[in-house]
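Below is one structure, written out as structure tokens; the observations come after it.
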Amino acid sequence: MFSEELFDGWLAVPSMGNLFEQEAIVTRVQEGAAVVQKLHTDTSLSIPLQADEQSESPQSSSTPNAVKSTSTARKRKGHTKSRLGCTSCKQRKIKCPEQWPSCAHCVKKGTVCRYPKVFKAAQHDRIVGEMIKRQSPRQSVRLSDTPIYSANDMRLFHHYIITAHPFIPEEMETRWATEVPAYSHKYDYLMHAMLALASSHLSSISTDTQHGVALSHRHRAITGLEEAFTRWPPIAEEAHVMLATSFLLAFQAGYIPDAFLDHIVNLRGCHLLSQLIVDGGLPGVFKVDPKMQSSGLKRRLINFPAMNQPLARGALRALTLLVPLLDEARPLERAIFAQLVGCIRPLLTPSTSPVCSPILVDPSSPLLLNYNSPGLSLERIHPPVIVPSQLASISNPLIHANPALSFESIVEHGIDSILEPPPDQTQPRPDHSFDALMSSLLLLTTGPQHQVMQLLAPTNKVGCIVMLYFMSVRFIVSPLSAPPAAMQHPIAAMVEWCEKQLDELQQDDEEDSEGELKKYLAWPAKIFATLRQLLNRKGVLTFGDACEILMKDPEAYLTGRAPIL
């Protein structure tokens with residue numbers, strides 16, 4: 001019983017753990033018993049320490065009175081020895097500085113410094129305690145009570161991967177679904193752009209309205225992208241992430257009825273970032289071969305279906321009405337008009353041509369030449385621009401400071417010449433049509449900033465009319481050469497934007513006693529009326545629906561009636 005009490009008492013004293021390694025100190029059991037009895041009556045740590053020092057002192061008395069008197073004296077003096085010192089310092093009976101891995105005394109004497117096992121545990125507890133005391137509330141890591149991304153966000157992320165990701169360039173569609181999302185964990189604004197696009201796309205093809213969620217994610221994506229632009233120029237990886245984000249936002253804007261201006265602004269950002277990536281040789285997901293689309297695009301242009309001739313000539317006849325209106329117009333408005341004429345005229349069938357003659361595609365076309373030149377490198381061309389039309393993206397060789405088609409070249413042979421195919425054309429040339437269509441879009445994305453803003457200003461009636469014709473021509477031409485993935489692309493928001501612009505112009509015209517705008521608005525109004533009736537019937541309108549009208553009932557556009565499909 002006595003030995004058990006002695007053992008328990010020693011374990012209760014932190015400094016006693018060191019005595020297990022010093023057999024000479026623990027030989028006097030009777031003196032230790034007196035210390036144990038004192039421990040049971042006094043819980044302060046100062047008494048065991050004094051007992052410890054008594055047991056080590058050769059002058060300590062074996063009687064209880066001696067222990068008591070010595071303890072009282074030691075209390076006044078205070079603690080001077082280390083409790084967890086190394087064995088060398090204890091044997092030398094000096095205070096150990098308790099430095100790890102070797103104390104200063106052992107280093108000075110060149111001896112091996114060994115600490116008792118209890119030292120490691122005590123040091124760990126001391127360090128942890130000090131860290132807890134020093135750590136401020138701001139430094140503490142706490143999990144958020146609410147997750148950053150909700151279950152609905154995860155659903156939208158899945159929808160982006162499966163359905164809503166961009167489909168152009170055609171050969172890069174898988175990159176939008178696999179490689180681009182791989183950066184979203186590192187760049188929050190990219191993730192928000194993906195979720196914004198997915199939510200707007202889901203709202204466009206179903207009754208599940210996600211408009212509030214879409215705008216919230218769009219705002220966060222724009223905020224993050226603007227912050228990234230403050231770190232200009234970006235590193236290679238972030239430059240590609242910024243390009244992807246800009247394009248995703250541009251693509252999403254196409255699903256929002258009143259966001260056409262944002263659509264163009266985001267595309268202009270894509271051009272700026274494309275220029276940086278190519279000029280700087282920045283590697284990344286969008287470092288693509290300019291010849292990558294030759295096979296798919298060329299195949300679609302060769303198999304381009306014959307356009308309905310009454311529809312094509314009706315479009316040109318409506319465009320001729322704009323010529324007097326554009327005599328005093330701004331350069332950008334006149335340039336876009338020229339490209340629209342150049343988009344329709346090559347699709348006319350000359351009256352002397354056989355009905356079954358094959359459609360020609362010129363291999364020397366700037367568009368196809370840049371895709372098929374084996375020696376062409378990215379350094380020798382302008383930077384690629386990803387275009388959010390329902391066609392494949394193209395390289396910047398199509399961005400001409402002075403487009404091949406000008407307003408003057410279109411009207412120099414008289415207005416009536418616009419209604420006929422080009423003089424040197426014997427067969428429809430869809431490659432020329434495609435080139436002109438893309439040039440009209442690229443004028444908006446690469447033209448001078450102030451001119452583009454003037455064109456899209458609500459007070460610019462001529463500019464608004466030109467843009468209505470721009471959208472109408474896209475609706476009747478682009479679907480004929482669009483890639484298969486584009487057929488599921490929702491276009492209801494674009495139709496609604498056009499209807500809004502048309503309504504405002506018609507109201508202004510009604511308030512004007514002369515009513516001069518009515519004749520200019522008649523043709524685009526028929527195009528939008530046909531699309532609206534199909535939208536009301538189906539509840540959803542896609543690019544494939546517009547293509548189906550052109551293939552099955554193009555005459556519906558001539559009168560603005562509902563298509564028979």
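Going by the UniProt record's numbering, the sequence shown opens with residue 1, and the numbers climb by one from there. We put the beta carbon where it would ideally sit given N, CA and C, even for glycine. Owing to the predicted nature of the structure, the values given are computational and were not obtained by experimental measurement.
Item	Value
For A177 versus H192, is the C-beta spacing smaller than 7 Å?	no
Alpha carbon to alpha carbon, how far is Q449 from T559? Give it in angstroms, no decimals.	37 Å
For a quick check, are the C-beta atoms of A214 and S199 less than 7 Å apart?	yes
CA-CA distance, L272 and M438?	18 Å
So A436 and Q339 are supposed to be a Cβ contact under 8 Å. How far apart are they, rounded?	5 Å
Can you name the residues that DSSP bridges to K542?	Note that residue 542 is Thr in the sequence shown, not Lys. T542 pairs with P490.
Give me, in chain order, the residues of the same chain whose beta-carbon lies closer than 7 Å to that of G254; leave out the 5 immediate sequence neighbours on both sides.	H263, P388, A493, M494
By a C-beta neighbour count over all protein chains shown, 10 Å radius and 16 as the cutoff for buried, is Q99 buried or exposed?	exposed
On the three-state DSSP scale, how would you describe M191?	helix
To the nearest angstrom, how far is it from the Cα of Q427 to the Cα of F528?	30 Å
Could you give the DSSP three-state label for H240: helix, strand or coil?	helix
Could you tell me the alpha carbon to alpha carbon distance between L316 and E504, rounded to whole angstroms?	24 Å
For G110, which option in T245, C89, P116, P421 has the closest C-alpha, if you only look at C-alpha atoms?	C89
Between the alpha carbons of K518 and L248, how many angstroms are there, rounded?	37 Å
Which word fits I564, buried or exposed, when buried means at least 16 other C-beta atoms lie within 10 angstroms of its C-beta?	exposed
In chain order, what residues of the same chain have a beta carbon less than 6 Å from the beta carbon of P346, not counting five sequence neighbours either side?	R429, H432, S433
Once you ignore the five residues that flank I256 on each side, which residues in its own chain have a CB closer than 6 Å to its CB?	A493
Return the CA-CA distance between A239 and L197, expressed in angstroms with no decimal places.	20 Å
Secondary structure at P228, three-state DSSP: helix, strand or coil?	Sequence check: residue 228 is Ala here, not Pro. Looking at A228 - three-state DSSP - the assignment turns out to be helix.
Please identify the residue among V540, T209, A244, L535 whose C-alpha is closest to the C-alpha of S184.	A244
Relative to the C-alpha of I168, which candidate in K186, G447, A250, I148 has its C-alpha closest?	A250
Can we say the stretch 273-287 touches the stretch 224-243, given the rule of at least three CB pairs closer than 8 Å?	yes
For K526, count neighbouring C-beta atoms within 10 Å of its own C-beta (all shown protein chains included) and say buried if the count is 16 or more, exposed if not.	buried
Run through DSSP, which three-state label would S433 get?	helix
Any heavy atom of the ligand GDP inside 6 Å of the beta-carbon of V495?	You won't find the ligand GDP in this model; it holds no ligand whatsoever.
Over the uninterrupted alpha helix (DSSP H) stretch that includes K108, give me the two end residues.	104-109
Relative to the alpha-carbon of S440, which residue among P484, I344, Q501, L419 has its alpha-carbon at the smallest distance?	I344
Where V466 and D208 are concerned, what is the direct C-alpha to C-alpha distance, given to the nearest angstrom?	34 Å
Secondary structure at C89, three-state DSSP: helix, strand or coil?	helix
Nearest by alpha-carbon distance to S102: which of V411, K93, G85 is it?	G85
Who are the Cβ neighbours of K461 in its own chain at under 8 Å, not counting the five residues just before and after it?	L505, D508, L517
Do I476 and C541 count as a contact pair if the criterion is CB distance below 7 Å?	Per the sequence shown, residue 541 should be read as Leu rather than Cys. No, the Cβ-Cβ distance between L541 and I476 is not below 7 Å.
Judging by CA-CA distance, which residue of G515, E548, L442, Q309 is the nearest neighbour of Q488?	E548
Please confirm whether Q451 and L332 have their CB atoms less than 7 Å apart.	yes
If you run the structure through DSSP and keep just helix, strand and coil, what is S481?	helix
Mind checking whether Y189 and L225 have CB atoms under 7 Å apart?	yes
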